[in-house]
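Visitor:
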Amino acid sequence: MYLLDTNIFLEILLDGARATECLRLLSLLQGERLSAVVSKFAVYSICLILFRKKQPDLARDFLAYLDSLPTLQIHGTSLEEDAEAFASAEKFGLDFDDGLQFTVAKRLSVEAIVSFDRDFDKTPLKRLEPSQIL
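Okay, so the sequence shown: first residue is 1 according to full-length UniProt numbering, each after it adds one.
The following block contains the structure:
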């Protein structure tokens with residue numbers, strides 16, 4: 001199982017340069033050839049970004065899409081995990097959101113964090129980009 005970082009979804013939703021690569025990765029979830037987790041914090045962050053960009057319909061479609069992925073788990077963090085995220089952020093020089101992603105990945109013993117964010121390279125967890133899984 002992999003943890004999918006916020007930027008994997010944003011790359012698609014905001015039509016980034018690597019959107020096709022990210023779509024191919026998500027197709028593996030649709031086809032049940034890969035399992036992954038995304039933090040509820042990441043989901044909320046994405047919805048907030050889309051809402052601020054005045055794209056609430058896209059945010060609703062995004063939520064429906066997530067619900068359609070049979071091998072994707074959504075992990076809501078506990079207050080204990082939130083507190084641990086601060087400690088992880090401080091320890092590895094991360095932003096809070098990256099500290100939270102790291103904490104979830106560590107707690108769930110994922111194989112790797114799938115992200116374009118090189119800040120995760122400062123942690124002991126493996127970071128992969130979508131192309132490395134495809």
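The beta carbon of each residue, even a glycine, is placed where N, CA and C say it ideally should be. All values derive from a computational prediction rather than experimental measurement.
(1) Taking the continuous alpha helix (DSSP H) assigned at Ala105, which residues delimit it?
(2) Does Leu134 come out as helix, strand or coil in the three-state DSSP assignment?
(3) If you follow the beta strand (DSSP E) that Ser39 is part of, which residue opens it and which one closes it?
(4) Does Glu80 pass the burial test, meaning 16 or more other C-beta atoms within 10 Å, or should it be called exposed?
(5) Could you pull out every unbroken beta strand (DSSP E) segment of at least 3 residues lying fully inside the stretch 19 to 78, listed in chain order?
(6) Leaving out five residues before and five after Gly93 in sequence, what residues of the same chain have Cβ atoms less than 8 angstroms from its Cβ?
(7) I need the DSSP call for Leu125, collapsed to helix, strand or coil.
(8) Consult DSSP for Leu14 and reduce its assignment to one of helix, strand or coil.
(9) When the Cα atoms are used, what is the spatial distance from Ser39 to Ala17?
Guide: With the given structure in hand:
(1) One-based indexing of the sequence shown puts residue 105 at position 105. Where Ala105 is concerned, the enclosing alpha helix (DSSP H) stretches over 96 to 107.
(2) In the sequence shown, the residue the question calls residue 134 occupies position 134. Residue state, collapsed to three classes: coil.
(3) As a working mapping, residue 39 is identified with position 39 in the sequence shown. Residues 36 to 39.
(4) The residue labelled residue 80 in the question sits at position 80 within the sequence shown. In the assembly as shown, Glu80 is an exposed residue. Its beta-carbon has fewer than 16 other beta-carbons within 10 Å.
(5) Counting whole runs of 3 or more residues, the stretch 19 to 78 contains the beta strand (DSSP E) stretches 36 to 39, 72 to 75.
(6) Translated into the one-based positions of the sequence shown, residue 93 becomes position 93. Around Gly93: Asp119, Lys122.
(7) Translated into the one-based positions of the sequence shown, residue 125 becomes position 125. Coil.
(8) Here residue 14 is taken as the residue at index 14 of the sequence shown, counted from 1. Residue state for Leu14 is assigned as coil, using DSSP reduced to three classes.
(9) Indexing the sequence shown from 1 puts residue 39 at position 39. Indexing the sequence shown from 1 puts residue 17 at position 17. Rounded to whole angstroms, Ser39 and Ala17 show a C-alpha spacing of 24 angstroms.
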